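S.K.:
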Amino acid sequence: MPGAPRRAHRPWDVEEERTTVSSERDGGARRRAVEPGIGDLPDVIEALPDMIEEFVEDFGRRRGELRELREEIKKARTTVSADRRVLTVTVGPLGELVSLRFNDENYRDLAPTDLADLIVRTVERAREKAMGKMSETLSPALPRGLDWDAVMNGRLDLADILPENPFESLDLAAFLDRDERNGQ
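Residue 105 in this note's numbering sits at position 119 of the sequence shown, with consecutive numbering throughout.
1. Quick one: is leucine 86 buried, meaning 16 or more other Cβ sit within 10 Å of its Cβ, or exposed?
2. For glutamate 91, tell me which candidate among Val84, Leu101, Asp29 and Asp36 has the shortest Cα-Cα distance.
3. Could you give the uninterrupted runs of the alpha helix (DSSP H) lying entirely in the segment 17 to 95, keeping only those of 4 residues or more?
4. Which residues bound the alpha helix (DSSP H) around leucine 124?
5. Return the CA-CA distance between arginine 11 and alanine 33, expressed in angstroms with no decimal places.
6. So, for methionine 120: in the same chain, excluding its five sequence neighbours on each side, which residues have a beta-carbon less than 8 Å away from its beta-carbon?
7. For aspartate 143, does the three-state DSSP call read helix, strand or coil?
8. Assign leucine 73 to one of two classes, buried (16 or more other C-beta atoms within 10 Å of its C-beta) or exposed (fewer than that).
9. By a C-beta neighbour count over all protein chains shown, 10 Å radius and 16 as the cutoff for buried, is threonine 64 buried or exposed?
10. Helix, strand or coil: how does DSSP classify glutamate 150 here?
11. Is alanine 127 closer than 9 Å to proline 51 when the C-beta atoms are compared?
12. My assumption, with CB atoms under 8 Å, is that arginine 113 sits in contact with valine 77. Please give the rounded CB distance.
13. In three-state terms, what does DSSP make of aspartate 135?
14. Express the C-alpha separation of proline 98 and arginine 115 in angstroms, rounding to a whole number.
15. Alpha carbon to alpha carbon, how far is aspartate 69 from glutamate 110? Give it in angstroms, no decimals.
16. Near tyrosine 93, which residues of its chain fall below 7 Å by C-beta distance, leaving aside the five closest residues on each side in sequence?
17. What's the C-alpha gap between valine 66 and phenylalanine 45?
18. Please report the distance separating the alpha-carbon of leucine 83 from that of isoleucine 31.
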């Protein structure tokens, strides 16, 4: 829009267009495509203090949210009663058994193997319910694409979510010179 103040390019902005520029070294004879925003580097540098301030504020907010989440998780309990109401179990946030209570004397009527089986099944139901609660609670706080159930069940392969070289994207010189190296 004409006359509108120009917003500094932020690295996380997504733009579809590509710009071609002429190289001054060869008299403009060679043209190459550049990523949007590279020409705006002075604007980006000028905007860095605001971007850093925004990052620090966001980091502080997220840290506070994670502290609250940690306290909520520490207090989480899930209680389930057995099918026949013979017993009630309570588990912690990760499914660890916190309490086992017999509700009446009817448990004495069960064969030892039946009672043991009832306890195991009831604890497992409570554990599954607790894991479901944890998944709901933690999903909004997890990085996009990270599956809580896969984490808790040992199915998560970190190689699938972590780059081989996490610092590769920080190499600004390589980013700016990549077209030169590729002969474009």
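Note that beta-carbon positions come from the ideal geometry of N, C-alpha and C, so glycine has one too.
Here the structure is a predicted model, which means the values were calculated and not measured.
M.R.: Reading from the atomic positions:
1. exposed
2. Leu101
3. 27 to 61
4. 98 to 124
5. The predicted model places arginine 11 with a pLDDT of 48, which falls under 50 and marks its position as unreliable, so this point remains unresolved.
6. Ile59, Ala62, Pro79, Leu80, Trp134 and Met138
7. coil
8. buried
9. buried
10. coil
11. Contrary to the premise, residue 51 reads as glutamate rather than proline in this sequence. For glutamate 51 and alanine 127, yes; Cβs fall inside 9 Å.
12. 6 Å
13. helix
14. Here residue 115 is lysine; the residue named in the question, arginine, does not match the sequence. Going from the Cα of lysine 115 to the Cα of proline 98 covers about 26 Å.
15. 13 Å
16. Val72, Leu73 and Leu101
17. 38 Å
18. 54 Å
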